[in-house]
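Taken in order, these protein sequences are the chains called A and B.
Using this note's numbering, the letters of the first sequence correspond one by one to residues 2 to 204.
Using this note's numbering, the letters of the second sequence correspond one by one to residues 98 to 1105.
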Amino acid sequence: MTSRFSPLSEIKTPQRQLGASDRLDCWFQEQAFRAHFNLRGDPQNSDFLQAVKEQLGFDLPLVPNTVSVAGRWRGCWLAPDEWLLLGPGRSEPFETLVGDLSAMHHSLVDLSGGQTVIRIGGPAWRDVLGSACTLDLHPRVFEAGHCAQTVLTHSNVLMIHAHDDARGEALDIVVRRSFADDLLRWLIDAATEVGFELHRPRT
Amino acid sequence: MSGARRSPAGGLIDRSHSITFRFNGKEYSGHPGDTLASALLAQGIRLFGRSFKYHRPRGVVGAGAEEPNALVQLGEGAYSTPNLRATQIELYQGLTARTVNGWPSLAFDIGSINNWFARLLPAGFYYKTFMWPRSAWTHYERFIRRAAGLGVAPTAPDPDRYDKMHRHCDVLVAGGGPAGLLAALAAARAGARVILADEQSRFGGSLLYSDAKISGESALDWVNSTVDELRANSNVTLLPRSTVTGYYDHNFLVINERRTHHLGPGQADPRVSRERLWRVRACQVVLATGAIERPLVFEGNDVPGVMLCSAVSTYIRRYAVVPARRGAVFTNNDSGYQAAVDMAWAGMEVSAVVDLRPRPTGQAVESVEALGIPVYPGHVIVATRSNAKGLNQIELARLTDNGSDILSHKGLLDCQVLAISGGWSPTVHLHSQSGAKARFDDGLAGFVPGQSVQAERSAGSSAGTFDLAGCLGAGARAGVAAARASGWSGGHLDIPMTQAAQSGSIQACWEVPSTELGPTGAKKFLDFQNDTTVADVQLAVREGYRSIEHVKRYTALGFGTDQGKLGNINGMAVLADALGQTLNETGTTTFRPNYTPVTFGAIAGRAIGEDRFDPIRKTAVHPWHVRQGAKFENVGQWKRPWYYPRHGEDMHTAVNRECAATRQGVGVLDASTLGKIDIKGPDAAEFLNRLYTNRWDKLQSGRCRYGFMLGEDGMIMDDGVTTCLEPGHYLMTTTTGGAAAVMGWMERWLQTEWPQLKVFLTSVTDHWSVMSVAGPRSRQLLEGLGCDFDLGGAAFPFMSMREGSVAGIRARVSRISFSGELAFEVSVDANSGLALWEAVMEAGHRFDITPYGTEAMHVLRAEKGYVIVGQDTDGSVTPLDLGMQWIVSETKDFIGKRSLARSDTARDNRKQLVGLLTKDPAYVLPEGAQLVNAPSESRPVPMMGHVSSSYFSANLMRSIALALVKGGASRMGNTVYAQLMDGTIVPAVITSSVFLDPENERQRQEAA
């Protein structure tokens, strides 16, 4: 196996910096080397929906800006006929899905090298995001099972409400590879006042 | 001496600490809690600046955002901020400030000569005089601007941090006075998400200088307990020192928070921003922005010492300043009497309350008379007298019964402070900015909010409710209603009890009649900052101006840093009177954001500098390029290696070396930035047929084709190579800069015009890391690297694609060439891009493999005459203009086809792509150079075209250029001339645009 480099593996920023109140109220961690598959298909086609459900275990979300989860796979609504499948990698059920879909009009495109996930958490993560994000991320409005697409600073992103096994409530920001470095450096700068820690990428 | 001093007790200042500061170079002291204005007033400083046009001495008039005169340049060097209102600057240790008007010095002002020549400076003076002849204006302007003063922008970079915060809320309350506090409390108790913003350092508004009791406690105690409850509520965001400056569509409001100004330069934690711009989307808005007291307009109303009644009360009660030994009041309504009460409370002698109403009665009058202060009903002040320190006498006169004329002259009264009140103007700025139209209320003699057009309601004095009990009630009701409208109806709030005040009516007065008896003939100022007088507005009407918007621009009424907060209503009323209109007919000028000035720092936020102004996109191989010392070029938002200098090479040498190596050995280019779109579906070939000028339905799996995409106007929009991966599945490449636009263009056609086509698009630009391995040794290199498929020309012809493994990495390899050499484009999952690159570099070591950048890429492609869309085309070039008829299908339709038949697109002397060879082979033409048939001294010279690309070709050992020349295709061998800006004339011969290998033998190289 040749070496792989995730988009943020060589980012040049401080790893840790106390905020104005001598605290570290925000953390970042790249969720590297996840499988990202862009799925497009006809939501009116029950065979299409059924094929996904059988192999990945969830109903594709048809409600805008929602997420379906089964095991380690997440399906995020992107558009009426478009979803992002986020998971651990190609596996048997996934390969079966590829085969099952082949008979119907669809598109299943591997974007795993082209995107990454920046996970952000800590008590002040909403304020840090608030410096760039025009959407309402208040817990009354944006909660588990929700996702949203927007432009953060200069980058098109998909944001997914997340739960980090080690650190609790968090937000996953799916960003294109070429923008990832720019976005993370921007967010880290935004966290200057509250203090931050940048954890090593989790693979 | 004016007799100003500090009261021995009281006020919201911290007497246990002293602060020293400098004003106009002199040292003074004050206390925490002071503003710059209050600290200076307490020490007898009355002269704060000189007026804009006549350079008249001016003092503080107000105590807040309305202040027109006391403008200062605050701080030094990079921290310096111009035109701040001394009334809103919180004092800090070491503060330095100077007046912005009054060059060369405040006491002797050279510009005050204007005052003596005032008759020569009427309204519209600049328009009438300096605008003709037009060319002279640029000459006059320098001197006028200098003499006009106003602050200086610092030249050094701003050392502070500024940021932004986006926030949504259920209820935004603008203004934290009695109405705003109760509105916020009511909404918060109901469960709503609330933002409460107030421009001052502490909440309370008018309660900060009030002696009222609320629910049995002092107003200040009530404010404190209310703010404590709000602060404890996690759904409430309290923003002191925050001005709601703009109200935009869809309840989007902007708040400018000044976070560390009050600490002084360099004193704040550098991690904390100096200012924050809050961008708030509110479900409901409560405007509790208060009201601004109006001046009275009489002769000499601008001398230092004439202040608003509310300002006098504020300085006395809040800042414990006794502004003078002796004061007087001039009013047309009851609220002015409070200033007399406050002056007496502070120990001042009060000479008189001059009330222009003929028969004022009621509580206010009685309370003043009980203090032994003489009240002059039906009287006015017709003139002021001043000495070097400002006001020292006022001249009293009696009005006729109908109030329209002066009846008799009543002599002079001594006073150093004259508190004036012409009534109150509700602060309807945000209401008006929201798109609503304020209406004039005759009973209140002021503009009040009209019909709301967005989800906002006004409460308290901003809605024309001027008594405290009324404000508290209105605030509570507005808070409950706003919360309910945003879906929250819980909680409970009792309206606090306070003493109800009876208030007599106001007698509107927009201009005090002039006296025939007095000697004065002085000006009656409407707008202190712009020196606009009653006479100026009347002159404008005589000269034919009718619209308030035109009169504003002709007289400067309402311009400047204060935007007419004091003067506008009086000015509009004077205009209405001169036009014989009602105030509603005359109307107001447009209220625009921002309510008070906002710094550029706050507007820019953190989006400054090379790092954050524009995004920087990087390829997977970027770290390698950096380690190699590559020079980068910005292409779109990407950083692309431009060239890789070795051992101090200059660009020319490096590019020549890179070009030669690629033609003779092997070179590599990071081509990852090209746009890539996955196109899938049974109608994909038909879709491509419609998008591109050439045919796609016969393209076999594993084969590639070059295409041009045109706009509907027939002009080239983008180009690239598209590969058929399998039937109904294609991978399109686009230009680097055009990727997003092309994706949007394609989705637009699919979604809006051709929904019946079964095609799905997915952008895969970032997924593939692409390296172009080019040169005669490229095949040998890849074979050595290990490929699990045959690289030979027979098995893997030009313009085809193979999938397999390269150096152990799954890859797509395409035989595509933009250099004209044998070349292989290797695409891999970008996570493996760097690994592949390093493997290629290592395997290429024995071939002296050479990485080349975009500059060498440009030279190599220009040698072959390959165009770059956006460089050799500019949105006015068709494929036929490029001589590429072969790529335009005659047998199918495509976007832009019809436009190619237009007479103008089809004519034969359009600009056409040609090659240019300068007669001097060493001379490299500048790109953009204009071409003429014959150089000429006379102008204009007929332009024949321009140079679009120009380089020195190391392979040809001479310069080459591409150009667009009128009828160029039929002018081979002709000489044209580049006539350059510096007069140089460069002859060049028109040739084919292909300079090298016209038979394309190099890139085909079918034998290994």
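Glycine included, C-beta positions come from ideal geometry on N, C-alpha and C.
Here the structure is a predicted model, which means the values were calculated and not measured.
With residue i as the anchor, note down where its beta strand (DSSP E) starts and where it stops.
i                      : result
residue 538 of chain B : 536 to 538
residue 79 of chain A  : 74 to 80
residue 920 of chain B : 920 to 926
Based on Cα-Cα distance, which residue from the options lies nearest to residue i?
i                       : options                    : result
residue 146 of chain A  : A:70, A:180, A:183         : A:70
residue 769 of chain B  : B:927, B:754, B:675        : B:927
residue 730 of chain B  : B:950, B:329, B:410        : B:950
residue 177 of chain A  : A:88, A:118, A:86, A:61    : A:118
residue 866 of chain B  : B:816, B:888, B:767        : B:767
residue 199 of chain A  : A:8, A:16, A:11, A:9       : A:16
residue 44 of chain A   : A:194, A:62, A:125         : A:62
residue 1156 of chain B : B:368, B:360, B:291        : Past the boundaries of the shown model lies residue 1156 of chain B; chain B is included only from 98 to 1105, so the question cannot be answered.
residue 460 of chain B  : B:422, B:170, B:596, B:647 : B:596
residue 145 of chain B  : B:166, B:571, B:162        : B:166
residue 984 of chain B  : B:816, B:820, B:915        : B:816
residue 733 of chain B  : A:184, A:201, A:179, A:202 : A:179
residue 981 of chain B  : B:304, B:678, B:791, B:935 : B:791
Tell whether a beta-carbon distance below 9 Å holds between residue i and residue j.
i                      : j                       : result
residue 37 of chain A  : residue 150 of chain A  : no
residue 414 of chain B : residue 308 of chain B  : yes
residue 89 of chain B  : residue 840 of chain B  : As displayed, chain B neither begins before 98 nor continues past 1105, which places residue 89 of chain B out of reach and without an answer.
residue 394 of chain B : residue 671 of chain B  : yes
residue 784 of chain B : residue 854 of chain B  : yes
residue 400 of chain B : residue 270 of chain B  : no
residue 736 of chain B : residue 714 of chain B  : yes
residue 72 of chain A  : residue 53 of chain A   : no
residue 674 of chain B : residue 607 of chain B  : yes
residue 342 of chain B : residue 658 of chain B  : no
residue 353 of chain B : residue 373 of chain B  : yes
residue 829 of chain B : residue 933 of chain B  : no
residue 994 of chain B : residue 1086 of chain B : no
Can you list, in chain order, the residues of its chain whose CB lies under 8 Å from that of residue i, leaving out five sequence neighbours each side?
i                      : result
residue 549 of chain B : 528, 531, 533
residue 471 of chain B : 448, 449, 450
residue 798 of chain B : 821, 822, 823, 824
residue 511 of chain B : 423, 448, 489, 490
Starting from residue i and walking both ways along the alpha helix (DSSP H), at which residues does that stretch end?
i                       : result
residue 176 of chain B  : First-last for residue 176 of chain B: undefined, no H or E at that position.
residue 1002 of chain B : 1000 to 1003
residue 52 of chain A   : 47 to 57
residue 162 of chain A  : Taken as a continuous stretch (DSSP letters only), residue 162 of chain A belongs to no alpha helix (DSSP H), being part of the beta strand (DSSP E) at 156 to 165.
residue 576 of chain B  : 565 to 582
residue 391 of chain B  : Note, residue 391 of chain B: premise wrong, no alpha helix (DSSP H); not H, not E.
residue 697 of chain B  : 697 to 701
Counting only the same chain and skipping the five closest in sequence on each side, list residues whose C-beta sits under 7 Å from that of residue i.
i                       : result
residue 973 of chain B  : 812
residue 524 of chain B  : 386, 387, 388, 389, 559
residue 1099 of chain B : 917, 918, 919
residue 504 of chain B  : 495, 496, 497
Give me, in chain order, the residues of the same chain whose beta-carbon lies closer than 6 Å to that of residue i; leave out the 5 immediate sequence neighbours on both sides.
i                      : result
residue 616 of chain B : At residue 616 of chain B, the pLDDT of 49 sits below 50, so the modelled position is not reliable; the number obtained from the coordinates is stated separately. Answer for residue 616 of chain B: no residue qualifies.
residue 306 of chain B : 410, 411, 414, 415
residue 176 of chain B : 362
residue 760 of chain B : 1052
residue 970 of chain B : 813
Is there contact between the segment 177 to 187 of chain B and the segment 119 to 138 of chain B, where contact requires at least three CB pairs shorter than 8 Å? yes
Say whether the segment 685 to 698 of chain B touches the segment 411 to 425 of chain B, bearing in mind that this needs 3 or more beta-carbon pairs closer than 8 Å, one atom from each stretch. no
Is it true that the segment 185 to 195 of chain A meets the segment 39 to 57 of chain A, where meeting means three or more beta-carbon pairs spaced less than 8 Å apart? no
Please determine if the segment 424 to 439 of chain B and the segment 450 to 468 of chain B are in contact, where contact requires at least 3 C-beta pairs separated by less than 8 Å. yes
The segment 1062 to 1078 of chain B contacting the segment 1033 to 1046 of chain B, beta-carbon criterion three pairs below 8 Å: Touching, yes.
Is it true that the segment 361 to 378 of chain B meets the segment 250 to 258 of chain B, where meeting means three or more beta-carbon pairs spaced less than 8 Å apart? With the cut-off at 8 Å, the segment 361 to 378 of chain B and the segment 250 to 258 of chain B touch.
If we count Cβ pairs, one from each stretch, closer than 8 Å, do we get three or more for the segment 118 to 134 of chain A versus the segment 183 to 190 of chain A? Short answer: they touch.
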